[in-house]
Amino acid sequence: MAPSLGEAHSSMKVPQNAAWWKKFLAFVGPGYLVAVGYMDPGNWATDIAGGSQFGYTLLSVILLSNLMAVVLQSLAGKLGIVTGRDLAQACRERFSMPVVMMLWILCELAIAATDLAEVIGSAIALKLLFNIPMLYGVIITAVDVLLILVLQNKGFRALETLVIVLMATIALCFGIDLFLAKPDMGGVLHGFVPNVEILQNPAMLYIAIGIIGATVMPHNLYLHSSIVQTRQIEQTPQGKKEAIRYSTMDSTIALTLALFINAAILIVSAAVFHSAGMTQVAEIADAYHLLTPLLGTTVASILFGVALLASGQNSTLTGTLAGQIVMEGFLNIRIPAWLRRLVTRLIAIIPAVIVTAIAGEHGTEELLILSQVVLSLQLPFAVIPLVMFTSDKKSMGAFANKLWLKIISWVIAAIIVVLNVYLIIQTIRLF
């Protein structure tokens, strides 16, 4: 089977006999591409709703979901480094063709749902910042196909650099908004401590599950297992061990930045809306419009809009890569990157255009929620094979999950499955 992302496979050299920090820097990049999915526009609505309704209480849920993500992404990276296969390729080798086809279809639906969230998020940002109607904003987002093509021609490091710059932009915007919001630091620290009230209050539990469901993204597991292979490593036990260590450091640091951004969205919402008695702020546009009068400066709203636009554009980059990896891995079909991008984007844009034209902006917000439910449906079908494969001594050898890691991984998988089933049932009731 041909390597994943053939044009970029082993394209970046890792210095040998160099200082540890030089080696680490060579591995920096893939973790940030993965972390993008943990702060896409789909997360914003749940974070804003959680902060406005319940103050800082749900910060512990953001922390828990981030810890889950750290474990799962480290497993995905390890699978790619040790076996030389991404998660989609591993599924193709291990499962029967009907199962492979089902997993592929589910994964394509998840990627389309992710892209839909990015399209809507970017269109909302364009509407808020430049007053461009939602319908035109959705259509404008198709233009980023050209950006992908330019970046892919400049090499994988160019793509990683742009993603890191956009992430830094989001972090800076929310860092300033945090400063302007002046949150209660005692309340913030207390919010990171798990509270039994989350399980006892049905409304709080629903949003908590929404945060977890919107945080751990299935396509990220396929993506990470592939892009770690862009590094040229020594194919020896020692070389692989070193690569796993640096890759895990990269993804853990990047996901910590994602934790800061998600927590910042909730903290700003809690400090500005909840403290003012506005407990029903749940939509992104409402948050944008209310920041200026409540904080007394338009800067807060502008930074919020810029961060949203950066988030939407960043997520489209990684969604494209994931689409290419999934199609090549499950079906062993390779089509030009521009065609793959065009197909993915059209699948997302067509429903967004139809809903925007018929139902207006409120319809797009409901579509955003629906896209997260589709992602929730697909998640167990990515997590369970990942834990299975990385626990298998036959394919992983000495790198197979130790007993303690097996237990933690299966507990995380079980929590995700149970919570997502609950979220889906509750959402169906709402619709």
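Numbering of the sequence shown is given in our numbering, commencing with residue 2 and proceeding in unit increments. No residue lacks a Cβ here, since even glycine has one placed at the ideal position from N, Cα and C. No experiment lies behind these values; they were computed from the predicted model shown.
DSSP, reduced to helix, strand and coil, places K241 within a helical segment of the structure shown. DSSP links Q233 through a beta bridge to K14. Counting only runs of at least 4 residues, the region 59-96 fully encloses the following alpha helix (DSSP H) elements, listed from N- to C-terminal order: 60-84, 88-95.
If you draw a 10 Å sphere on the C-beta of E198, you find fewer than 16 other C-beta atoms in it, and that means exposed. Collapsing the DSSP output to three states places V217 in coil. Under the criterion of beta carbons closer than 8 Å, G324 and I112 qualify as touching, at roughly 5 Å. When Cβ pairs closer than 8 Å are counted between the two stretches, the region 93-101 is seen not to touch the region 238-250, the count staying below three. Between the alpha carbons of L376 and N18 lies a distance of about 43 Å. With respect to Q233, K24 sits apart: the two C-beta atoms are not nearer than 8 Å.
In the same chain as V354, and ignoring 5 residues on each side of it, the C-beta atoms closer than 8 Å to its own belong to L136, V139, I140, in chain order. With a cutoff of 8 Å on beta-carbon distance, S270 and Y289 are scored as not near each other. Here Y39 really is in contact with N263; their C-beta atoms are around 7 Å apart, less than 8 Å.
For S123, the enclosing alpha helix (DSSP H) stretches over residues 98-131. The Cβ atoms of L295 and V273 lie closer than 8 Å to each other. For the pair L117 and P352, the CB atoms are nearer than the 8 Å cut-off. Following the DSSP letters along the chain, one finds Y137 inside the alpha helix (DSSP H) bounded by residues 135-141.
S372 sits in a helix when the DSSP states are folded into three classes. Within the same chain, I212, L260, N263, A264, L267 come within 7 Å of I63 by CB-CB distance, once the 5 residues on both sides are set aside. Under the three-state reduction of DSSP output, V388 falls in the helix class. Cβ neighbours of L292 within its own chain (closer than 7 Å, five residues either side excluded): V273, A301, S302, F305.
DSSP places F193 in the coil class of the three-state scheme, outside both helix and strand.
Relative to L68, the option among V418, I409, V419, R430 whose CA is nearest is I409. Taking N421 as reference, the option from A209, I326, M279 with the minimal CA-CA separation is A209. In the displayed model, G313 falls within a helix according to three-state DSSP.
DSSP, read as helix, strand or coil, puts Q281 in coil. Per the coordinates, the alpha-carbon of S227 lies some 20 Å from the alpha-carbon of L340. When G7, G30, W22 are compared, the shortest CA-CA separation from L256 is found for G30. Where A27 is concerned, the enclosing alpha helix (DSSP H) starts and stops at 21-28. The shortest C-alpha to C-alpha distance from N202 to any of T231, A9, Q379, F55 is the one to F55. Using a 10 angstroms sphere on the CB of I413, the tally of other CB atoms reaches 16 or more, which defines it as buried.
In this structure M103 is exposed. Its beta-carbon is surrounded by fewer than 16 other beta-carbon atoms within 10 angstroms. Taking all protein chains shown into account, T298 has fewer than 16 neighbouring C-beta atoms within 10 Å of its C-beta and is therefore exposed. Between Y33 and C108 the beta-carbon gap is near 22 Å, outside 8 Å, which marks them as no contact. A straight-line Cα-Cα distance of about 21 Å links A244 and L160. For Y33, the enclosing alpha helix (DSSP H) covers residues 31-36. Scanning S276, A415, L181, M397 for the CA closest to the CA of F382 turns up A415.
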